[in-house]
Amino acid sequence: MKRSTLISTAGLLLAAYVAVPLALGGNQYVMSMVVAALIIGGVAMSWALLGNLGGMVSFGHAAFFGVGAYVSALTTVKLGLPVFAAMLLGGAGAAIAAVIMLPVLRLRGPYFALAILAYAHIFRILATEWSSVTGGAGGINNIPTLPTVFGVDLASKTGAYLVVLTLVVACALAYSRIRASHYGIALRAMHDSEDATRVVGVNSTLLKGAMLLVSAFMAGLFGAFNAHYINFLEPDYAFNSLWVTLPIVAAIFGGYRTILGPVLGAVVVYLVDQLIFKSLIPTGHQLVLGVLLVAMIVFSPNGLLPLLQKWLKKTVAKEKTHA
Amino acid sequence: MTELILQALYSGLLQGGSYALIALGLALVFGTMKVINLAHGELVLLAAYIAYSVESGLGLGPMFAIPIALVIVSLTSVGVYLIVSRIKKDREINSLILTYGIGVILTNFILLVWKADIRSTSSSWLQEGVEIGPFFSMRSEVIFFGVSLVLMAALWRWLSTSWYGRAVRAVSSNRDAAKLMGIDPGRTELVSFLVAGILAAFAGVALFSYGVIQPAYGGALTVKAFIITVLAGIGSIPGVLLAAVLLGVAEALTVTLASSALQELSGMVLFLLVLFIMPNGLFGAQRRRG
Amino acid sequence: MLELDNVSVRFGGLTAVDSVTLKVGSHDVIGLVGANGAGKTTLFNAISGLVRPTSGSIRFEGRDIMATPMYQRARLGLGRTFQIPQPMHELTVRENLVVAQRFGTGKVDMRKIDEILDFTSLADKAQRDAASELALTELKALEVAKALATNPKLLLLDEVLAGLETNGKRRFMGMLKDLHAAFGVGIVMIEHDIETISNLCQRVAVLNFGRLIADGTPDAVFRDPAVIESYTGAAHA
């Protein structure tokens, strides 16, 4: 990594891990929103990963989120597993759900997107109907919260923040490693011509399948975290379309081609949604999200934050030449 | 038991008529513009809610809502077209996200205006039972099944004989060749959205007349329409009707033999089954592999 | 090395390849000719795995590859170029070769890649974006380079000379001439120009409406009346 990138990354990590808790730790309300924003950011990142590396647009990530949540909740409630282990299992559960979706990979764009949506519906209905296991429509209550580690109560807002932050960092790291690897390069090439890669020995189906599993695992991980954070779960919540819409808006807003773009986008979009949109239009505030999404796709499909970045660069460059 | 099953088949058949209208609208747009309008179900739902408003506000039966629904929904459909046509790059993916966003807007708009309660028609005339042979249904189901058959026949006629109908077919099968023959693809796409809107309007009013509606239902309708197009493959209107009836029957059987909660599931399962076993649809021969 | 036994490829009612039997040895440089639509590219598609033959068998180095997926055939040593160049987008020329080599052979050997870049005259264009910054000659050279990077035993070249002007063509021909000597690959090349084929190949196979109508030295084949008739167009079936 370049020295300048190393420094800025270190700076960012420092700010995130130390500065934010110090500055906002006292304000429970803001902290809880940041945590929620990061959860959305994590799902947004997993969605963007599937799009960028896998070349697939999914409208069913709520499925992975929900499955991860349920698996993690159930393994702690019914099997008494420790929370962190359960969270990993949640991710794994989501990945297994994705394995069932693998045959859908060979479909083109809209067919794939809708097949995933079909799976999402199926999982939601399963969660509602299979009451003996999942508690049915009533859901699961009293899900164990995050433990206390080294004297730090991770169930507190600040504690939860640190955990979800670590999840985001870990996933971002994994994402960037994959992207930089030979697999990542091959995956990028596969977008425009899969045959061109297959003819030189790339098992494109395997790679795409692997990306679906990775994306599912990530989304499931955040779903699992969420279950232990709010300690309660029900099908309509866990598989809610909000877990589809918000991450997509966030990812596109923040620039879905970058790794952290979706996370940053999530922070901005979620905060704006909660603070502004919700107070303007309590029911149906999602409408503004929809408008935002439409506007972005029409005017700036590469995201607004990258646009802002470019504009900032230009302004700074202009000032330099004037100086 | 057999009676129950036969009754389910009959109900499914009647339901298939409206489903076919919705699916045809989706297919028309996909044919000309190669875009799946994920907001299509919401257009149908909009028509349904307009029928509700007409009934609760003016006290008139849903039939009277049809002209109003036609105007509003077709205009909305054209509006969707105007937005979608602004995408130049990566049309396939971007239009998916775009129409998804429009769907979110429409769903929440409906939620805002009409609130989340479940609605259905209060017209007793429409809900009155009608017996045809041993089979029992609501009057509205029978009426609207007839309406959908008429519409499908009209659509068929329009596609085969009218200028725009044939333009739609031309653009769907070979866009460049159509351009070379002086057909304006943009205008043809607009027409397909318009016709889709018309079909959606009828389907929506029908839906309100014999079923229940709620704001979240839009997405489910789009999915059903899509499932039907996958089942039918690309090709004929009769194929779509058959696939739509198949879906209707599957749902009805699930409700009768299993439980109503699993109704949505039956469509999904059917969809996945067809995808894996018969990727070219039941009747079509389109290459869907990437 | 490559044995085609009665291979047929049918698409619905159309028979694109009709009972073709052909053997290619590891030291062969074979030309595959025929009128447009004779089935040459379809035959390549069948051999490389893009299309599944309706009947017949294909054996490569003794093993039956009919059920082997395309990417696997590349790893076994079957290289192939596309008639319309298909570079890997968003990657540089060098990255194209790295991917090809990494997945075609299992590891990356930069020296070999440089060797291939030199051989195909792409060394000074290695950093260019493959999809957007190359001229046609260079794109075609990249096709060959990518295939070479997978360390093939047999190379299927689909009209690499098509569309090139005289100078580019001459340079390419020189490269093709040295290909077998430099990399030890067997070659089957589809070309239209009889002179080119006679120059480069020791053997020529002729397809007409999917059937193999001649297989021998350029001299013998191009004097064969059946072949001449297929080119000059006698009554069509």
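Residue numbers (our numbering), protein chains in the order written: chain A, 326 to 648; chain B, 61 to 350; chain C, -18 to 218. Ideal Cβ positions, reconstructed from N, Cα and C, are used throughout, including at glycine. All of these numbers come straight from a predicted model, not from anything done at the bench.
{"query": "Reference B/GLY279, options B/VAL190, B/ILE82, B/LEU172, closest by Cα", "result": "B/ILE82"}
{"query": "Where A/THR640 sits in the DSSP three-state scheme", "result": "helix"}
{"query": "Contact with chain C by A/SER604, beta-carbon distance below 8 angstroms", "result": "no"}
{"query": "Interface flag, A/TYR493 vs chain B, CB-CB below 8 angstroms", "result": "First, the amino acid is wrong: residue 493 of chain A is Val here, not Tyr. Closer than 8 angstroms: no."}
{"query": "Any non-hydrogen atom of the ligand MN closer than 7 angstroms to C/VAL74 Cβ", "result": "The ligand MN is not part of the structure shown, which contains no ligands of any sort."}
{"query": "Sequence-distant residues of the same chain with beta carbon closer than 7 angstroms to C/LEU31, five excluded per side", "result": "MET51"}
{"query": "Enclosing beta strand (DSSP E) for C/MET51 [first to last residue]", "result": "That residue, C/MET51, is in no beta strand (DSSP E); its alpha helix (DSSP H) goes 51 to 57."}
{"query": "Distance between A/MET412 and A/ALA480 (C-alpha atoms, nearest Å)", "result": "14 angstroms"}
{"query": "Proximity test, Cβ basis, 8 angstroms: A/SER501 and chain C", "result": "no"}
{"query": "Candidates B/PRO122, B/ALA176, B/ASP236, of which the one nearest B/GLU201 by Cα", "result": "B/PRO122"}
{"query": "Three-state class that DSSP yields for C/MET170 in the structure shown", "result": "strand"}
{"query": "DSSP state of B/TYR70 mapped onto helix, strand, coil", "result": "helix"}
{"query": "For B/ALA107, the nearest candidate out of B/GLY327, B/GLY299, B/ILE273 (CA to CA)", "result": "B/ILE273"}
{"query": "Every unbroken alpha helix (DSSP H) inside the stretch 334 to 387 of chain A [4 residues or more]", "result": "345 to 349, 353 to 377"}
{"query": "Where A/THR453 falls, given that 16 or more other Cβ within 10 Å makes a residue buried", "result": "buried"}
{"query": "Three-pair Cβ contact test at 8 angstroms for the stretch 375 to 384 of chain A versus the stretch 528 to 545 of chain A", "result": "yes"}
{"query": "Backbone secondary structure at B/PHE195 - three-state DSSP", "result": "strand"}
{"query": "is_contact[A/THR522, chain D] using C-beta, thresh 8 angstroms", "result": "The structure shown contains no chain D; its protein chains are A, B and C."}
{"query": "Assigned secondary structure, C/LEU4 (DSSP; H/G/I helix, E/B strand, else coil)", "result": "The question names Leu, but residue 4 of chain C in the sequence shown is Lys. C/LYS4: strand per DSSP, three-state reduction."}
{"query": "Euclidean distance between Cα positions of C/ALA218 and C/ASN189", "result": "For C/ALA218, the predicted model reports a pLDDT of 44, less than 50, meaning its position is unreliable; a value from the coordinates is still stated below. Near 11 angstroms, if we compare the C-alpha coordinates of C/ASN189 and C/ALA218."}
{"query": "For B/ARG352, the three-state DSSP class (helix, strand or coil)", "result": "Here chain B has residues from 61 to 350 only, and residue 352 of chain B is not among them."}
{"query": "Any 3 or more C-beta pairs closer than 8 angstroms across the stretch 290 to 299 of chain B and the stretch 322 to 336 of chain B", "result": "yes"}
{"query": "Within the stretch 508 to 566 of chain A, ranges of the alpha helix (DSSP H) (whole runs, at least 4 residues)", "result": "519 to 523, 529 to 555, 560 to 563"}
{"query": "Residue-level contact to chain A via CB, C/GLN108, 8 angstroms cutoff", "result": "no"}
{"query": "Between the CA atoms of A/LEU414 and B/ARG348 - distance to the nearest angstrom", "result": "With a pLDDT of only 38 at B/ARG348, under 50, the local geometry of the prediction cannot be trusted, and the value read off the model is given with reservation. The alpha-carbon atoms of B/ARG348 and A/LEU414 are separated by roughly 35 angstroms."}
{"query": "Residues that A/ILE465 bridges to, as DSSP identifies them", "result": "A/LEU558"}
{"query": "C-alpha distance - A/ARG328 paired with A/ALA335, whole-angstrom precision", "result": "11 angstroms"}
{"query": "Three-state secondary structure assigned by DSSP to C/GLY20", "result": "coil"}
{"query": "Minimum Cβ-Cβ distance from B/ARG349 to chain A less than 8 angstroms", "result": "Here B/ARG349 scores only 38 on pLDDT, less than 50, and its place in the model should not be relied on; the value that follows carries that caveat. So yes, B/ARG349 belongs to the interface."}
{"query": "Short CB-CB distance (under 8 angstroms) between A/ASN528 and chain C", "result": "yes"}
{"query": "Beta carbon proximity, A/ALA373 to chain C, threshold 8 angstroms", "result": "no"}
{"query": "Which of helix, strand or coil DSSP assigns to C/GLU(-16)", "result": "strand"}
{"query": "Contact list for the stretch 501 to 515 of chain A against chain C, Cβ threshold 7 angstroms", "result": "HIS507, ILE510, ALA511, ARG513, ALA514"}
{"query": "Extent of the continuous beta strand (DSSP E) run through C/LEU137", "result": "135 to 139"}
{"query": "Sufficient close CB pairs (3 or more, under 8 angstroms) joining the stretch 397 to 411 of chain A to the stretch 466 to 473 of chain A", "result": "yes"}
{"query": "Interface residues of chain B facing A/GLU454 [CB-CB closer than 9 angstroms]", "result": "SER319, ALA321, LEU322, LEU325"}
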